[in-house]
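Reviewing the structure listed below.
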DNA sequence: TGCTAAACGGAACAACGTTCCATATATTCG
DNA sequence: CGAATATATGGAACGTTGTTCCGTTTAGCA
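Chains as they are written, first to last, in UniProt numbering: chain A, 1 to 189; chain B, 1 to 189.
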């Protein structure tokens, strides 16, 4: 129940929703790095209002995509439970993440950007997803389906990096990530 | 013998060299995306002069790093000749490229940037290195050391992407690339 | 219907890439 | 050894962005 404090004004709530909707649209068309003014214009608001509700771009990006990240995090344990093999669960989970990331123009770039402002975004994604990935890796290793040859953190960053630049007829992140996971199989004797 | 045409002015040559030297220093410290003014200041020249000699950032980056890219391209056939196994040659060649790329702050980012201006840079690297990589892959595949599971173009882009963000105690592009190459080994029967 | 705190809008500033042309200077030629 | 001239230079100026700030507006309430 968020009924604490001196009740936020209705127009503020309305405008925040408008910014969120505008950002979602603009992110989808222009990309996650779209100019602030473009988002403000689309929402029919001034840039000051936008900054009031979302002080940093990270705040805005997170507000737009948080649900999908959470869904992805939740999918990990579910897949591990529902699919027979932990390795298959890992593969499906990674595929799901790649499908999410590769379609968000510029998001993968942002995630690894060394710009100070994006550190929080980077941290959120990793904090949320690395533990899930670690569980999947551990289960697959315990089942003898993969070698414990990589840390979840490193794997997640690698997957994120491979998604940068999207996908075209000559480059498909999914293929390379399959190869990466193939590299985790036990060595031939 | 470049003694054709109306002989370029001596100061022009001198200034071009100065820009090149300044750019090399600034790229190494600030990164490949350093502000144009910073490079011009370091060279003791105006920005106009810099733009005259290097109209685009791609021109400047290429002038600074061309030698190393060429050296990397030349190393491919040499390694294939000198090392016993094509797969070992591939691995060593890839390592060499990664060592080059991972130490150039921001260069890997630039290579995959979808900004229109960097297309030429992207193209130069790929045109120069993909054929070399393709030869190494073909040789290793012919020797039965790897499966023909990836195109040279895709592999090179993947390697470039994995180098983005450099290397720290928790993320080492080299480890992931090793894993990627492991994924090319023939499947256990 | 006023009052007041909350919220808004957009002008203003800083940092950057890029262009342009008045000025300065190598080089050449008489 | 001077002009003459093509070449080269410098940096002001413009457009685009992110970000801040404050005068003005307005929702909620008494």
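Beta carbons: idealized from backbone N, C-alpha and C, even for Gly.
message = DSSP three-state label for residue 66 (chain A), please.
response = helix
key: Ranges of the alpha helix (DSSP H) found wholly within the stretch 14-60 of chain B, counting only runs of at least 4   = 36-43, 47-53
key: DSSP state of residue 186 (chain B) mapped onto helix, strand, coil   = coil
ask   = From which residue to which residue does the alpha helix (DSSP H) around residue 135 (chain B) run?
value = 119-142
inquiry  = Below 8 Å on C-beta distance, what does residue 175 (chain B) contact in chain A?
reply    = 150, 154
ask   = Which of the three DSSP states, helix, strand or coil, is assigned to residue 171 (chain B)?
value = coil
Residues of the stretch 91-119 of chain B whose Cβ lies closer than 7 Å to any Cβ of chain A, in chain order = 112, 114
message = Given this structure, state the Cα-to-Cα distance separating residue 171 (chain B) from residue 92 (chain B), to the nearest angstrom.
response = 20 Å
message = Going by C-alpha to C-alpha distance, which of B:95, B:82, B:30 sits closest to residue 178 (chain B)?
response = B:95
inquiry  = Counting only Cβ pairs nearer than 7 Å, list the residues of chain B close to residue 158 (chain A).
reply    = 162, 176
inquiry  = Using 8 Å as the cut-off, can you tell me whether the stretch 123-131 of chain B makes contact with the stretch 38-54 of chain B, which would need three or more C-beta pairs spanning the two stretches below that distance?
reply    = no
request  = Could you check the C-alpha separation between residue 181 (chain A) and residue 140 (chain A) for me, to the nearest Å?
outcome  = 11 Å
ask   = Does residue 185 (chain B) get closer than 9 Å to chain A when you measure Cβ to Cβ?
value = yes
message = Using only CA atoms, which one of B:10, B:173, B:183, B:21 lies nearest to residue 196 (chain B)?
response = In the structure displayed, chain B extends from 1 to 189; residue 196 (chain B) sits before or after that span and is not available.
ask   = So what does DSSP say about residue 145 (chain A), is it helix, strand or coil?
value = coil
key: Cross-chain neighbours of residue 182 (chain A) in chain B, by beta carbon under 7 Å   = 183
request  = For residue 92 (chain B), name the three-state secondary structure that DSSP assigns.
outcome  = helix
ask   = How many angstroms separate the CA atom of residue 143 (chain A) from the CA atom of residue 84 (chain A)?
value = 11 Å
ask   = Would residue 41 (chain A) count as contacting chain B if we go by Cβ distances under 9 Å?
value = no
inquiry  = Please classify residue 162 (chain A) as buried or exposed, where buried requires at least 16 other C-beta atoms within 10 Å of its C-beta.
reply    = buried
message = Please report whether the beta-carbon of residue 188 (chain A) lies at a distance below 9 Å from any beta-carbon of chain B.
response = yes
Own chain partners of residue 130 (chain B) with C-beta closer than 7 Å, once the 5 adjacent residues on each side are dropped = 152, 153, 156
message = According to DSSP, simplified to helix, strand and coil, what is residue 150 (chain A)?
response = coil
message = For a test of the three-state rule: what should DSSP assign to residue 74 (chain A), helix, strand or coil?
response = helix
query = Under 9 Å Cβ-Cβ, which residues of chain A neighbour residue 48 (chain B)?
reply = Here the premise fails: no neighbours, minimum Cβ distance about 28 Å.
request  = Return the first residue and the last residue of the alpha helix (DSSP H) that residue 109 (chain B) is part of.
outcome  = 107-112
message = I'd like the list of long-range same chain contacts for residue 63 (chain A), defined as Cβ closer than 8 Å, with 5 residues on each side in sequence excluded.
response = 20, 23, 54
query = Beta carbon of residue 146 (chain A), beta carbon of residue 175 (chain A): below 9 Å?
reply = no
request  = Below 7 Å CB to CB, which residues in the same chain sit around residue 58 (chain B) once its five sequence neighbours on both sides are set aside?
outcome  = 117, 118, 120, 121
key: DSSP state of residue 12 (chain A) mapped onto helix, strand, coil   = helix
task = Can you tell me which of the three DSSP states residue 165 (chain A) falls into?
result = coil
Beta-carbon neighbours of residue 199 (chain A), restricted to chain B and to distances below 9 Å = Absent from the structure is residue 199 (chain A), since the part of chain A shown begins at 1 and ends at 189.
request  = Could you tell me whether the Cβ of residue 144 (chain B) comes closer than 9 Å to any Cβ of chain A?
outcome  = no
ask   = If you draw a straight line from the alpha carbon of residue 167 (chain B) to that of residue 110 (chain B), how long is it in whole angstroms?
value = 16 Å
query = Run through DSSP, which three-state label would residue 83 (chain B) get?
reply = coil
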